[in-house]
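*Asks:* This structure is in structure tokens; I'll ask about it shortly.
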Amino acid sequence: MSKVTNPFGRLLIHLVLIVFAIYSAFPFFWTTLQSFKTFRDANSRTPLFWGFTPTWENYQEVWLRSVPETGGATLAFFLLLIVVLLISALIFAKYIPVPDSIVYAVVGIGFVILLWAIPQLADVSQFYDYFINTLIVTVGTIVVSISIGCLAGYGLARYAGLLGVIILISALAFRALPRLAFILPYFYIGTVTGLNDTYFLVIITLVAVNQPFTIWMLRSFFMEIPKELEESAMVDGASRLEAFVRVIVPIVWPGIISTALFSLLLAYNEFLLVRLLTQSNWTLPVAISRFTGGEDPRHLTLAAASAVSATIPIMLVILFFQKNLVKGLTAGAVKG
Amino acid sequence: MKRGTFFAFSSPSIVIMTLLMLIPLLMAIYLGMTRLNFQNVTSPEFIGLANYVNVLEDEQFWRAFRFTALYIVMVVPMVIIVGFTIAMVLDQVSVVTRGIYLSIFLLPFIIVPIVGSLMFKQLFEASGPLTYLYQEIFDVRYRPTEFSVKAMIIFYGVWYITPFTLVVYFAGLQTLPGDLMEAASIDGASWHEKIRFIIVPHVQSLTIFVLLFCIMDTYRVFDSVFVLSDNLNPIYRANSIMTYTFQQATLVQNLGKANAMAIITVIGILIVLIPNLYMSYKEQIAER
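Residue numbers (the working numbering), protein chains in the order written: chain Y, 106 to 441; chain W, 80 to 367.
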């Protein structure tokens, strides 16, 4: 649309956007403030935006079982430094004179070693276990969901038979149904077979509830690729699977990342399914829901610290892939 | 692509969806017809349609249904209007500035709903800034009531879903044909005429898409209700259909009735869904 040019109009536009930005960010901002307060400050009659002494205690209490007597700050600083180094290696992968894939692999291994090393170095609390559970469930769901989803999405994009349409429409219907209609039977199956509280059941059911959305989205990305590409590869003697893996997947890669982000959000965010299918192997949303309710004033600051702790990782990932997320949000939409 | 190749590619996904979506759905229909609790999980007792009748006669269920309907009716138009308006305003600023604004606007969407609801709750705690504001304005202490908890749930719903509609509309506005707008300007169309006769028709297909997705997602609202009504605190009685079903399954431990309720909920959404599924079916048939 034509741009507003008069200065008063421009001012008004930025005013509206700034107000909306404050509205969007304020709950997070306030919770972050609360998480750095002592519970006396957090419960003060007038809300304190400044003039309180910031404290790490809430984070210590959420993440640690006991605080080390000496060297705690050095250790925390050292760990943070490693995280920053690993993340900057990701950001500047392009400028490091080795192939990108090697940088990614090294960073990935680095994170795994780091996650393994932390409990050896510090006396971490259960919250850390829940964090690890969340990572396992999220990564597992993404890997399984995207691999089988890519194959099916490609098949559905290229197959013109009526059966393909029927599968797509049933998937759409499944996507729309309230999840409890599936989760209650999963819970029943899990109880009868004794699979409740295992990663396997949580991951496989998350993959299933995520699958309809995944195949629709991936299919729309595969449909954008002209058939001639894989056909020419097949003329050169590649099998269809080879042509798919070598030629098509690299082209659709940005679309696959977009879809993976949605799987990530789904698995990381899921509360109801994990809550019903696990008794102790919780993920973060279930663990954090413990902090709701209860009259203990200490819950207020602990809830804030755990809420912020759970949000930071996902914010880092999205900051990194924001373009893909926006692309994914609009992929199905713009085409109609 | 041949049918055989299609199956080779799609079978893992089809098998998972059949085993873990189609069959559980059929199971839920059957389990809904049994007397089932945590003591007799392995040997459910068949009792016919009693659970289904029980659900339909349950006053609590209809109360939850009414609140869910209210939630949909309040949240969906609001997120569409706010999302569209902010998208139009965002369209006015330069590309770099947009990126910065957009990453802030997306925040409510990426925060885990359980955590986001918890953050909302913090605003309304005894020491929260909104509680303080309320006291300053009305000069009475804020106390959570059924009404205020419901309002909070709706408010959170709008906050959480708006980024989705915003981004979709914003992308739609980028595909607006520039010459059409120019022609309208030359003909002397005012800004509200442009919005009414060019932009709104242009994004109409988007609105249908957004409407359908929002209705589907608001219908199954759970996380925010669970947190904001204090872990299903019965005092506030702000149950959605999903939280009430969850209560039946976990607190009352009446798994049979919970399954029946889930199936009735499914039938409820199918009424909205079937015309749309039919339309998509037509579209896909035409496209291939």
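Glycine included, every Cβ here is placed at the ideal spot set by N, Cα and C.
Going by DSSP in three states, ARG220 (chain W) sits in which element: helix, strand or coil?
*Replies:* Translated into positions along the second sequence, residue 220 (chain W) becomes position 141. Coil, per DSSP.
*Asks:* With a 10 Å radius around its C-beta and 16 neighbouring C-beta atoms as the bar for buried, classify MET358 (chain W) as buried or exposed.
*Replies:* Sequence index remark: in the second sequence, residue 358 (chain W) carries index 279 (1-based). Exposed: under 16 other Cβ atoms inside 10 Å.
*Asks:* Figure out for me which residue from Y:LEU117, Y:ILE294, Y:PHE426 has the closest Cα to the Cα of SER363 (chain Y).
*Replies:* Here residue 363 (chain Y) corresponds to residue number 258 of the first sequence, with the count starting at 1. It is Y:PHE426 whose Cα lies nearest to the Cα of SER363 (chain Y).
*Asks:* LEU377 (chain Y): which of Y:VAL248, Y:ALA365, Y:VAL391, Y:LEU369 sits nearest, CA to CA?
*Replies:* Reading the first sequence from its first residue, position 272 is the one you call residue 377 (chain Y). Nearest C-alpha to LEU377 (chain Y): Y:VAL391.
*Asks:* Along the region 319-352 of chain W, what residues have a CB closer than 9 Å to any CB found in chain Y?
*Replies:* Cβ contacts with chain Y: ILE320, MET321, THR324, PHE325, ALA328, THR329, LEU334, ALA337, ASN338, MET340, ALA341, ILE342, THR344, VAL345, GLY347, ILE348, LEU349, VAL351, LEU352.
*Asks:* Excluding the 5 residues flanking GLY258 (chain Y) on each side, which residues of the same chain have their C-beta closer than 6 Å to its C-beta?
*Replies:* Stepping through the first sequence from its first residue, residue 258 (chain Y) is reached at position 153. For GLY258 (chain Y), where only same-chain residues beyond five positions count, the Cβ hits under 6 Å are ILE320, LEU323, ARG324, PHE327.
*Asks:* How would you label GLN253 (chain W), buried or exposed, when you count the other beta carbons within 10 angstroms and need 16 or more for buried?
*Replies:* As a first step, residue 253 (chain W) is located in the second sequence; it is residue number 174 there, counting from the start. The residue is exposed, with fewer than 16 neighbouring Cβ atoms inside 10 Å.
*Asks:* In angstroms with no decimal places, state the Cα-to-Cα distance between GLY269 (chain Y) and SER206 (chain W).
*Replies:* Position 164 of the first sequence, counted from the first residue, corresponds to residue 269 (chain Y). Position 127 of the second sequence, counted from the first residue, corresponds to residue 206 (chain W). Taking the straight line from one Cα to the other gives about 56 Å.
*Asks:* Name the chain Y residues that come within less than 9 Å of PRO223 (chain W), Cβ to Cβ?
*Replies:* Counting from 1 along the second sequence, the entry for residue 223 (chain W) is found at position 144. Near PRO223 (chain W) there are no residues of chain Y at all, since even the closest Cβ is about 12 Å away, more than 9 Å.
*Asks:* Please state if the CB of LEU307 (chain W) and the CB of PHE199 (chain W) are separated by a distance shorter than 8 Å.
*Replies:* Position 120 of the second sequence, counted from the first residue, corresponds to residue 199 (chain W). Position 228 of the second sequence, counted from the first residue, corresponds to residue 307 (chain W). Against a cut-off of 8 Å, the Cβ pair of LEU307 (chain W) and PHE199 (chain W) comes out as a contact.
*Asks:* Determine, using beta carbons only, whether ALA107 (chain W) and ILE320 (chain W) come nearer to each other than 8 Å.
*Replies:* What you label residue 107 (chain W) is simply residue 28 of the second sequence in a count that begins at 1. What you label residue 320 (chain W) is simply residue 241 of the second sequence in a count that begins at 1. It is not a contact, given that the beta carbons lie outside the stated cut-off.
*Asks:* Does the CB of ILE151 (chain W) have a neighbour CB from chain Y at under 8 Å?
*Replies:* Within the second sequence, numbered from 1, the residue matching residue 151 (chain W) stands at position 72. By this cut-off, ILE151 (chain W) is not an interface position.
*Asks:* If we require 4 or more residues per run, which alpha helix (DSSP H) segments fall completely within the region 118-189 of chain Y?
*Replies:* The qualifying runs are 144-147, 162-168.
*Asks:* Just to check my reading of the structure: VAL307 (chain Y) and THR383 (chain Y) have Cβ atoms closer than 8 Å, yes? What is that Cβ distance to the nearest angstrom?
*Replies:* Taking the first sequence and counting its residues from 1, one reaches residue 307 (chain Y) at position 202. Taking the first sequence and counting its residues from 1, one reaches residue 383 (chain Y) at position 278. Rounded, the Cβ-Cβ distance is 7 Å, consistent with contact.
*Asks:* Taking only beta-carbon positions, decide if ILE423 (chain Y) is within less than 8 Å of chain W.
*Replies:* Here residue 423 (chain Y) refers to the residue found at position 318 when the first sequence is read from its first residue. Yes - at least one Cβ of chain W is within 8 Å of the one on ILE423 (chain Y).
*Asks:* Would LEU186 (chain Y) and PHE216 (chain Y) be called neighbours here (beta carbons separated by less than 8 Å)?
*Replies:* The sequence position of residue 186 (chain Y) within the first sequence is 81, counting from 1. The sequence position of residue 216 (chain Y) within the first sequence is 111, counting from 1. No, the pair does not count as a contact, with Cβ atoms beyond the cut-off.
*Asks:* Which first and last residues belong to the alpha helix (DSSP H) in which ALA348 (chain Y) is found?
*Replies:* Stepping through the first sequence from its first residue, residue 348 (chain Y) is reached at position 243. Residues 345-348.
*Asks:* Give the range of the alpha helix (DSSP H) segment to which MET358 (chain W) is assigned.
*Replies:* For this step, residue 358 (chain W) is matched to residue 279 along the second sequence. That run of the alpha helix (DSSP H) goes 334-366.
*Asks:* For the alpha helix (DSSP H) containing ARG263 (chain Y), list its first residue and its last residue.
*Replies:* Counting from 1 along the first sequence, the entry for residue 263 (chain Y) is found at position 158. It spans 231-263 - the alpha helix (DSSP H) in which ARG263 (chain Y) sits, taken as one unbroken run.
*Asks:* Please name the residue or residues paired with PHE125 (chain W) in a DSSP beta bridge.
*Replies:* Residue mapping note: residue 125 (chain W) aligns to position 46 of the second sequence, counting from 1. Partner(s): W:THR113.
*Asks:* Which chain Y residues are close to PRO192 (chain W), counting only those with a beta carbon under 9 Å from its beta carbon?
*Replies:* On the second sequence, position 113 is the one that residue 192 (chain W) refers to. Ordered by position in chain Y, the residues that pass the 9 Å Cβ test against PRO192 (chain W) are ASN374, PHE376, PRO390.
*Asks:* Count the other CB atoms, across all protein chains shown, that sit within 10 Å of the CB of ALA278 (chain Y); report buried if there are 16 or more and exposed otherwise.
*Replies:* If you number the first sequence from 1, residue 278 (chain Y) lands on position 173. With 16 or more Cβ atoms within 10 Å of its Cβ, ALA278 (chain Y) is classed as buried.
*Asks:* Taking Cβ positions, are VAL155 (chain W) and ILE294 (chain W) nearer each other than 8 Å?
*Replies:* Counted from its first residue, the second sequence places residue 155 (chain W) at position 76. Counted from its first residue, the second sequence places residue 294 (chain W) at position 215. Result yes, Cβ atoms of VAL155 (chain W) and ILE294 (chain W) sit closer than 8 Å.
*Asks:* I'd like the span of the alpha helix (DSSP H) that includes ASN442 (chain Y), first residue to last.
*Replies:* Not covered by the structure: residue 442 (chain Y). The range shown for chain Y is 106 to 441.
*Asks:* So what's ALA205 (chain W) in DSSP terms, helix, strand or just coil?
*Replies:* As a first step, residue 205 (chain W) is located in the second sequence; it is residue number 126 there, counting from the start. Looking at ALA205 (chain W) - three-state DSSP - the assignment turns out to be coil, as it is neither helix nor strand.
*Asks:* Hey, would you say ILE247 (chain Y) sits closer than 8 Å to ALA408 (chain Y), going by beta carbons?
*Replies:* Residue mapping note: residue 247 (chain Y) aligns to position 142 of the first sequence, counting from 1. Residue mapping note: residue 408 (chain Y) aligns to position 303 of the first sequence, counting from 1. In this structure, ALA408 (chain Y) does not lie closer than 8 Å to ILE247 (chain Y) by Cβ.
*Asks:* Among residues of its own chain, excluding the 5 on either side of ILE193 (chain W), which ones have a beta-carbon nearer than 7 Å to its beta-carbon?
*Replies:* Numbered from 1 along the second sequence, position 114 holds the residue referred to as residue 193 (chain W). These residues qualify, in order along the chain: ASP302, VAL306.
*Asks:* In this structure, how does DSSP classify VAL191 (chain W) when only helix, strand and coil are distinguished?
*Replies:* By 1-based counting over the second sequence, the position of residue 191 (chain W) is 112. The answer is coil: DSSP assigns VAL191 (chain W) none of H, G, I, E or B.
*Asks:* Enumerate in chain order the residues of its own chain whose CB-to-CB distance from TYR360 (chain W) is below 7 Å, with the five nearest sequence positions on each side excluded.
*Replies:* As a working mapping, residue 360 (chain W) is identified with position 281 in the second sequence. Contacts found: none.
*Asks:* Flag MET339 (chain Y) as yes if its beta-carbon sits less than 8 Å from any beta-carbon of chain W, otherwise no.
*Replies:* For the purposes of this step, residue 339 (chain Y) is taken as the residue at position 234 of the first sequence. By this cut-off, MET339 (chain Y) is not an interface position.
*Asks:* Check SER182 (chain W) in the structure and name its three-state DSSP category.
*Replies:* Here residue 182 (chain W) refers to the residue found at position 103 when the second sequence is read from its first residue. Helix, per DSSP.
*Asks:* Can you grab the Cα-Cα spacing for the pair TYR180 (chain W) / PRO208 (chain W), in whole Å?
*Replies:* Translated into positions along the second sequence, residue 180 (chain W) becomes position 101. Translated into positions along the second sequence, residue 208 (chain W) becomes position 129. For TYR180 (chain W) and PRO208 (chain W), the distance between alpha carbons rounds to 24 Å.
*Asks:* Applying a beta-carbon distance threshold of less than 7 Å, which residues of chain Y neighbour MET100 (chain W)?
*Replies:* Translated into positions along the second sequence, residue 100 (chain W) becomes position 21. Those within 7 Å of MET100 (chain W) in chain Y are PHE279, PHE287, ALA313.
*Asks:* By the DSSP assignment, the alpha helix (DSSP H) with MET167 (chain W) in it spans what residues?
*Replies:* Numbered from its first residue, the second sequence carries residue 167 (chain W) at position 88. From DSSP, the alpha helix (DSSP H) with MET167 (chain W) extends over 138-169.
*Asks:* Excluding the 5 residues preceding and the 5 following LEU143 (chain Y) in the sequence, name in chain order all residues of the same chain whose CB lies nearer than 8 Å to its CB.
*Replies:* Against the first sequence, residue 143 (chain Y) aligns to sequence position 38. Contrary to the premise, residue 143 (chain Y) reads as Thr rather than Leu in this sequence. Once the five neighbours on either side are set aside, the close Cβ partners of THR143 (chain Y) are PHE157, THR158, THR160, GLU162, THR406.
*Asks:* Can you list, in chain order, the residues of its chain with a C-beta nearer than 6 Å to that of MET231 (chain W)? Leave out the 5 residues immediately preceding and following it.
*Replies:* What you label residue 231 (chain W) is simply residue 152 of the second sequence in a count that begins at 1. So the qualifying residues of the chain are LEU307.
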